[in-house]
Amino acid sequence: MQPSSQPFSLLPYLEWILLGLITLNVLLTAAVYPTPEFAGFAVLSIVIFGAIGFTLPRQAYAKILYTAFEFAIILIPNSLDGRIPPVPLLGLVAVIRSCQMFRVTGRLIVASLAFSVFLYSVFFRSQTVLMTCRSLGQIQPKFEQLITNPLNYQLSSALSFGLTLIFAFPLIYALLAERQSRAQLAVANFQLRQYALLAEERASLQERNRIAREMHDSLGHTLTAQSIQLENAQLFLRMQPDRAHTFLLEAQNLSIQAIQEVQESVQALRADPLGGRTLEARSHPAALGQQALIE
Numbered sequence: 411m412q413p414s415s416q417p418f419s420l421l422p423y424l425e426w427i428l429l430g431l432i433t434l435n436v437l438l439t440a441a442v443y444p445t446p447e448f449a450g451f452a453v454l455s456i457v458i459f460g461a462i463g464f465t466l467p468r469q470a471y472a473k474i475l476y477t478a479f480e481f482a483i484i485l486i487p488n489s490l491d492g493r494i495p496p497v498p499l500l501g502l503v504a505v506i507r508s509c510q511m512f513r514v515t516g517r518l519i520v521a522s523l524a525f526s527v528f529l530y531s532v533f534f535r536s537q538t539v540l541m542t543c544r545s546l547g548q549i550q551p552k553f554e555q556l557i558t559n560p561l562n563y564q565l566s567s568a569l570s571f572g573l574t575l576i577f578a579f580p581l582i583y584a585l586l587a588e589r590q591s592r593a594q595l596a597v598a599n600f601q602l603r604q605y606a607l608l609a610e611e612r613a614s615l616q617e618r619n620r621i622a623r624e625m626h627d628s629l630g631h632t633l634t635a636q637s638i639q640l641e642n643a644q645l646f647l648r649m650q651p652d653r654a655h656t657f658l659l660e661a662q663n664l665s666i667q668a669i670q671e672v673q674e675s676v677q678a679l680r681a682d683p684l685g686g687r688t689l690e691a692r693s694h695p696a697a698l699g700q701q702a703l704i705e
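Our numbering numbers the first residue of the sequence shown as 411 and each following residue consecutively.
Okay, structure coming up:
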């Protein structure tokens, strides 16, 4: 018997909600790029990024390789010639996963990398997209005005993403604390059940010992009385046969009584000494209420 593997956590659901929003954002902004058909590669990157999140590594070197692979997925669209929409918001999901793998220092490093990748995408990627659009002759005036005067857009985007990271950390810490408290509660509940089982076994053993002692004492008294009756029968056998016969009948009754008591004691030892009741049910009804509150 072991406690449950992992308690319920909202972090995986938060990740999938973010991945769904990022995918929707890529599909909606695909028309801005000169080759919208290449948006499928960005969606594929999001799918791969989400698939590797089902299992998080435990070893230190595996965590580092895992994080490097995450940022490689994020940077691949940024490293091409502007045909594939970038997905810098995946860095926020990487930060969520890093909070589950690393301590404070590692989390801050991953957050810094995610913010740096976002800045690169916002400040340098726009120029690459604009040059690709101009080379293909597919630039739209409103997007050219946005990209050629990008300072307000870039600063607002960087500030928004930075504030998102800052406010995301307390939320992630709260969810991690909730999951850790549930795990500790599950372990404590498991230990309490183990202690209850151990106490029940000890109570059962004490009950069996009590029954064995009572059987020993009762059998000893019966055999002693039977021995006295047999001695009396032997004493009066020649002079008073009728009285000796009475002592023999009494000895026989004592033997039958002893056999019955031994049979009852053996049946009690073979059966449940607690009568099918648990230790909590025998102690006090309030114990069951406390256990229900713990669960």
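All C-beta atoms in this analysis are idealised placements derived from N, C-alpha and C, irrespective of residue type, glycine included.
- Task: Would you list, in sequence order, the uninterrupted alpha helix (DSSP H) runs of no fewer than 4 residues that lie entirely inside the segment 502-533?
- Result: 514-533
- Item | Separation of Q670 from F600, as counted between CA atoms | Your numbering for residue 600 matches position 190 in the sequence shown. Your numbering for residue 670 matches position 260 in the sequence shown. Looking at the two C-alpha atoms, the distance is approximately 43 Å.
- Item | Buried or exposed by the 16-neighbour rule on C-beta atoms within 10 Å, applied to A521 | Taking the first residue of the sequence shown as position 1, residue 521 is located at position 111. It counts as buried.
- Query: Looking only at its own chain, which residues have a Cβ that is under 7 Å from the Cβ of S665, when we skip the five neighbours before and after it?
  - Reply: In the sequence shown, residue 665 corresponds to position 255, counting from 1. Q636.
- Inter-residue Cα distance where the pair is L454 and V597: Against the sequence shown, residue 454 aligns to sequence position 44. Against the sequence shown, residue 597 aligns to sequence position 187. As the crow flies, the alpha-carbon of L454 is around 40 Å from that of V597.
- Message: Applying the 10 Å Cβ sphere with the 16-neighbour rule, what's the burial state of Q639?
- Response: Taking the first residue of the sequence shown as position 1, residue 639 is located at position 229. By the 10 Å Cβ count, Q639 comes out buried.
- Look at F571 and F528 and say whether their C-beta atoms are less than 8 Å apart. Numbered from 1 along the sequence shown, position 161 holds the residue referred to as residue 571. Numbered from 1 along the sequence shown, position 118 holds the residue referred to as residue 528. In this structure, F528 lies closer than 8 Å to F571 by Cβ.
- Task: Kindly list the residues whose CB is nearer than 7 Å to the CB of K552, restricted to its own chain and excluding five residues on each side of it in sequence; keep chain order.
- Result: On the sequence shown, residue 552 is found 142 positions in, with the first residue counted as 1. For K552, the predicted structure reports a pLDDT of 48, less than 50, and the residue's modelled location is therefore unreliable. The matter cannot be settled from this model.
- Task: Look up T574 in the DSSP assignment and say whether it is helix, strand or coil.
- Result: For this step, residue 574 is matched to residue 164 along the sequence shown. Helix, per DSSP.
- Query: Can you tell me where the alpha helix (DSSP H) with G430 in it begins and where it stops?
  - Reply: Start at 1 with the first residue of the sequence shown, and residue 430 comes out as number 20. It spans 421-438 - the alpha helix (DSSP H) in which G430 sits, taken as one unbroken run.
- Query: Is L466 helix, strand or coil when you go by DSSP?
  - Reply: Within the sequence shown, numbered from 1, the residue matching residue 466 stands at position 56. DSSP places L466 in coil when its eight states are reduced to three.
- Message: Just to confirm the assignment, what range does the alpha helix (DSSP H) spanning V672 have?
- Response: Residue mapping note: residue 672 aligns to position 262 of the sequence shown, counting from 1. From DSSP, the alpha helix (DSSP H) with V672 extends over 651-680.
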